Amino acid sequence: MRHARRRIVRRAARLAAVGGLLLGGTMVTRAVASEPPDASAAPHTLAQGASGAGAGIVARLGAERTAGHWVGDDGRPVVAVTDDETAGAARRAGAEAKLVRHSMSELRSAASALRAAPRVTGTAWALDYRSNQVVVRGDSTVSGPDWARLTGVAEGIGDFVRMERVEGTFTTRLNGAQPILSTAGRCSAGFNVTDGTDDFILTAGHCGPTGSVWFGDNKGDRQVGKTVSASFPGDDFSLVEYANGKAGDGADVVAVGDGKGVRITGAGAPAVGQRVFRSGSTSGLRDGRVTALDATVNYPEGTVTGLIETDVCAEPGDSGGPMFSEGVALGVTSGGDGDCGKGGTTFFQPLPEAMEALGVRLIVSGQQESGQGAAASSPAPGGAAPGAAAPGVTAPVTGADGRTLLARLTDRRNVGPGLLVVAGSLIALVATRWIRAEHDRKAYRRQYSATWG
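So the mapping is simple: our numbering equals the position in the sequence shown, first residue as 1, plus 561.
In structure tokens form, the structure reads like this:
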């Protein structure tokens, strides 16, 4: 009976070792066939360096000799210049130069003339650096006479003002459901910021006036905080102070869906052509490109200026959600037209301008590690799933560096864990063979000794 049990144990061990070899081999094969092991789970783009280089060149050459910059299809900075001498300077600085007729000063002057004209709800305009034009758009709510009057203003400015009609309507992206909720409706939390003493959520200003109380569920059982400062129209940003004064652990993380998060490392300004990502409570993670800067939108509630124009889609409830690129915070969702089914234009409030006006700074990973910023845990608004990170609230990172051990071991992109499983299985298989051989050798010795006395 004892020998039978030993045989069963040895067979089970051998089967387990063989199974481990098959599993480890599969993990290694999948890892080699997919992304490299150092590929980040976070949204990624290589445009950040080109953006900074283009901005530096434009600032050095001046608004009279340049007309903006953007990121080319090859990832290099492209600078619009008004003469050959400036083009040579741009090329020597490492950028591609494009000759244009109108300088940045002329484009800005045209935008100022449009702002001085009688306000027409449902219109928007922005500086299109690539075409060297000011593009004016009118949505479906703009009447024929109003459009004709605005067209007359544009014709008086010059032929570099382009008029376009668009489908849908320019609205703020707010509606009445969840995840951060007040009597005004639903919005998405943006980025966590601090004034050095208390922590706040920086979100869209149209989400609610000063004094609005926000909850993390539709029952009103979990208070997130209260709006203590807001600017809308004109700008579109506001501060929601946490109910306990602190954002909590993981305050430097924004959610991107599927329980994953992106760690925010700083704030910056985008470039035209740069790929960007937006996360919101309605439509989740979406990406697109910056199409224009310094945009003006005439919402029904009022006019907002200085916005970032993109082709990223957004829907009601995404208001205030974060826009970022490579972990750099860029802005919060303001409004737009269309939806994520047919696409559209979405505008964002630039983050650096909002933080400067509010007197706050972004909470980033360095502050968390050094004990500055948030320290106490607080529940995540919106009923986020365990392990998920909600924009502007506390939650663990579940991206490339914040996963559990089991998740890392089963990640098909990692070669190392697969090799460990293969090595362990080989050791187990060799050990079972050695134990069996040793057992057979001892049995033979016993039988030999009995035969010869």
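Using N, Cα and C, we set each Cβ at its ideal position, and we do this for glycine too. The structure displayed is predicted, hence computed values, not measured ones.
* Cβ contact check for the segment 873 to 882 and the segment 741 to 754: 3 or more pairs under 8 Å -> yes
* **Straight-line Cα distance separating threonine 682 from tyrosine 803** => 35 Å
* Asked: Excluding five sequence neighbours on each side, which residues of the same chain lie with their C-beta closer than 8 Å to the C-beta of phenylalanine 776?
  -> Ile741, Leu742, Ser743, Asp782, Arg783, Gln784, Val785, Pro942
* Asked: According to the Cβ coordinates, are alanine 828 and methionine 916 closer than 8 Å?
  -> yes
* Asked: Given a threshold of 16 other Cβ atoms within 10 Å of its Cβ, counted over all protein chains shown, does tryptophan 1016 qualify as buried or as exposed?
  -> Examination of residue 1016 is not possible in this model, given that the chain is present from 562 through 1014 alone.
* So which of Thr730, Leu800, Leu660, Val865 has the shortest CA-CA distance to serine 692? -> Leu660
* **Residue from Ala628, Arg662, Arg652 whose Cα sits closest to the Cα of glycine 719** => Arg662
* leucine 854 to proline 911 span [Cα, whole Å] -> 10 Å
* Asked: Can you give the Cα-Cα distance for glycine 920 and alanine 984, rounded to whole angstroms?
  -> 56 Å
* Around the Cβ of isoleucine 618, are there at least 16 other Cβ atoms within 10 angstroms (buried) or fewer (exposed)? -> buried
* Would you call the segment 724 to 735 and the segment 694 to 709 touching, i.e. three or more CB-CB distances under 8 Å? -> yes
* Look up isoleucine 988 in the DSSP assignment and say whether it is helix, strand or coil. => helix
* Between glutamate 914 and the rest of its own chain, which residues show a CB-CB distance below 7 Å, the 5 nearest in sequence each way excluded? -> Gly867
* Asked: Within this structure, are the beta carbons of arginine 850 and cysteine 874 separated by less than 8 Å?
  -> no
* Which residue's Cα is closest to the Cα of valine 925: Asp707, Ala671, Ala709, Ala808? -> Ala808
* Take leucine 711 and list the residues in its own chain whose beta-carbon comes closer than 6 Å to its own, dropping the five residues that flank it on each side. => Val681
* Asked: Under the rule that 16 or more other beta-carbon atoms within 10 Å means buried, what is serine 842, buried or exposed?
  -> buried
* Asked: If you draw a straight line from the C-alpha of leucine 763 to the C-alpha of asparagine 753, how long is it?
  -> 6 Å
* How would you label glutamate 667, buried or exposed, when you count the other beta carbons within 10 angstroms and need 16 or more for buried? -> buried
* **Residues near alanine 502 in its chain [Cβ-Cβ closer than 8 Å; skip 5 each side]** => Within the shown structure, residues of the chain are numbered from 562 to 1014, placing residue 502 beyond reach of any answer.
* Inter-residue Cα distance where the pair is serine 673 and phenylalanine 721 -> 14 Å
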